[in-house]
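Each remark here refers to the structure printed beneath this line.
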Amino acid sequence: MNKPIRKAVFPVAGLGTRFLPATKAVPKELLPVVDRPLLQYAVDEAREAGIEQMIFVTGRGKGAIEDYFDMAFECETLQRERGKDLSALEGTRLAPGNAVFLRQQESLGLGHAIWCARDIIGDEPFAILLPDEFMKGAPGNGCMKQMVDAYEKVGGNLVCALEIPMEQTPSYGVIDPGARDGVLTEVKGLVEKPAAGTAPSNLILPGRYILQPDVMKILETQEKGAGGEIQLTDAMAAMIGKQPFHGVTFDGRRFDCGSKAGYVEANLALALEREDLRDHIRAFATQELGIDSVATAA
Ligand code: UTP
0 MNKPIRKAVF PVAGLGTRFL PATKAVPKEL LPVVDRPLLQ YAVDEAREAG
50 IEQMIFVTGR GKGAIEDYFD MAFECETLQR ERGKDLSALE GTRLAPGNAV
100 FLRQQESLGL GHAIWCARDI IGDEPFAILL PDEFMKGAPG NGCMKQMVDA
150 YEKVGGNLVC ALEIPMEQTP SYGVIDPGAR DGVLTEVKGL VEKPAAGTAP
200 SNLILPGRYI LQPDVMKILE TQEKGAGGEI QLTDAMAAMI GKQPFHGVTF
250 DGRRFDCGSK AGYVEANLAL ALEREDLRDH IRAFATQELG IDSVATAA
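If you read the sequence shown in numbering that gives the first Met the number 0, its first letter stands for residue 0, the second for the next number, and so on.
Dropping the structure here:
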C-alpha cells in the first residue's frame, strides 16, 4: 500500500525576470490567466487530486501570495453589505492548517527551494507543482489527479512527461526513457538543460512531480548544477535505480506561462472557452487577424 499524497510544495521564490517589469512588484505566480492567478489554478489542481496541505516556498517581495490566500476582510465585508455576489472568491481562502508559507532566502535554484520545505514534508511522499506551468486537464481530471492515480498503481517517484519539439530541449529537464506501458514510461535517466543535439529524448519535465522524501537527503549535500543552481533534476536522477521512477503522459493541454508567448496563449485559450467571453474574443480575434472564417468555425 503506497502512502497517500497529502502535501504539495509550490516553489514560488523565483525572480520572474522574463516578465519584468510586471514582476517588479507583483509575483509572477499571481499574474492572472483571464481572472484567476496562475497559483490559484495550481492550488485547485492539487486540491482536486486529494492534497490537503499546500506548502508555499516564497521569498522577499512575495508577501502578496500570503495575503492572497487569507481572508479579504474589507472587500468581503463591503461586498456582503452591498448584497454583492462573492462567489468569485470561493476556494481562495486557505485555512491556517492547510497553508504553510516558508522563505527561500536566496534564489539558489528549484532544488534548493524544495529542500527549504524538508521539515514540513517529514517522511511522507509529496507533490510538487510549478505554478507557471499551467496544466489544463478535463474538469475533475487535472494533471496532478492523473499523476496521483498513476502513483496509486506503481508508487515510487513520478514526473509528468511531455513531448516537445527536439530543438526546445536545451531549456528543460529531459527524460532518458525506457519501456512504455500506457501512460507510464520508465525513467532511466534525467538530464537538466542538455546542450543542443545531446538530449536523450524530446520528453521533458513540465513541472509536476510526486517524490519520495528521500530526495531531501540528496538535496542536502547537492552541488550546483546547470546554470549554477541547485537542480531538482540532478537530485531526482540520483534516485533512479534505487526506487521505482516513472514518467506520466498527461492527457490535457500545457501552457508554459513562464514564457510570454505561453502566457498569452493561455489567456486566449481560456477566454475562448469561457461562455461570458467567447463570442467577444472570437469576434475580436477574427477582426484583428483579418479573417472571416474564425467567427463561424466553431
Ligand atoms: P524559473 O526557472 O521559471 O525561474 O523557475 P523564475 O525566477 O520563476 O523566472 P525567470 O526565469 O527569471 O523569468 C521555475 C520555478 O521554480 C521556482 C520559481 O518560482 C518557479 O516556480 N524557483 C526557482 C524558486 O522557487 N527558487 C529558485 O531559486 C528558483
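Ideal placement from N, C-alpha and C gives every residue a C-beta, glycine not left out.
* Which class does Arg281 belong to by DSSP, given the choice of helix, strand or coil? -> helix
* Within 10 angstroms of the Cβ of Gln230, are there 16 or more other Cβ atoms? Answer buried if so, exposed if not. => buried
* **Straight-line Cα distance separating Thr220 from Val42** => 30 Å
* Asked: Count the other CB atoms within 10 Å of the CB of Pro10; is the residue buried (16 or more) or exposed (fewer)?
  -> buried
* Over what stretch of residues does the alpha helix (DSSP H) that includes Val42 continue unbroken? -> 37 to 47
* Check the DSSP bridge columns for Phe254 and list the partner residues they point to. => Phe133
* Inter-residue Cα distance where the pair is Tyr63 and Tyr150 -> Residue identity differs from the one stated: residue 63 is Ala in this sequence, not Tyr. Going by the C-alpha atoms only, they are around 33 Å apart.
* **Minimum C-alpha distance to Asp66 - residue among Gly82, Pro26, Pro20, Val8** => Pro26
* Would you mind stating whether Gln145 and Val99 have Cβ atoms separated by less than 8 Å? => no
* Residues near Ile163 by beta carbon distance below 7 Å, same chain, minus five either side -> Asn201, Ile203
* Taking all protein chains shown into account, decide if Thr16 is buried (16 or more other Cβ within 10 angstroms of its Cβ) or exposed. => exposed
* Might you give, ordered along the chain, the residues of its own chain that have their beta carbon closer than 8 Å to the beta carbon of Leu101, omitting 5 neighbours on each side? => Ile54, Phe55, Val56, Thr57, Cys115, Ala116, Ile119
* Between which two residues does the beta strand (DSSP E) harbouring Thr76 extend? -> Taken as a continuous stretch (DSSP letters only), Thr76 belongs to no beta strand (DSSP E), being part of the alpha helix (DSSP H) at 72 to 80.
* Asked: Over what stretch of residues does the beta strand (DSSP E) that includes Tyr208 continue unbroken?
  -> 207 to 210
* **Check whether Phe125 and Val247 have beta carbons under 8 Å apart** => no
* Asked: With distances taken from CA atoms, which of Gly188, Tyr208, Pro193, Phe254 is nearest Ala225?
  -> Pro193
* So what does Arg102 bridge to, in DSSP terms? -> Thr57
* To do: Kindly indicate the opening and closing residues of the alpha helix (DSSP H) around Asn266.
  => 259 to 272
* Secondary structure of Phe9, DSSP reduced to three states -> strand
* To do: For Asn1, count neighbouring C-beta atoms within 10 Å of its own C-beta (all shown protein chains included) and say buried if the count is 16 or more, exposed if not.
  => exposed
* Within the 8 Å Cβ cut-off, does Phe244 reach chain D? -> The structure shown contains no chain D; it is built from a single protein chain.
* To do: For Cys142, name the three-state secondary structure that DSSP assigns.
  => helix
* Applying the criterion that 16 or more other CB atoms from any shown protein chain within 10 Å of the CB defines a buried residue, is Leu129 buried or exposed? -> buried
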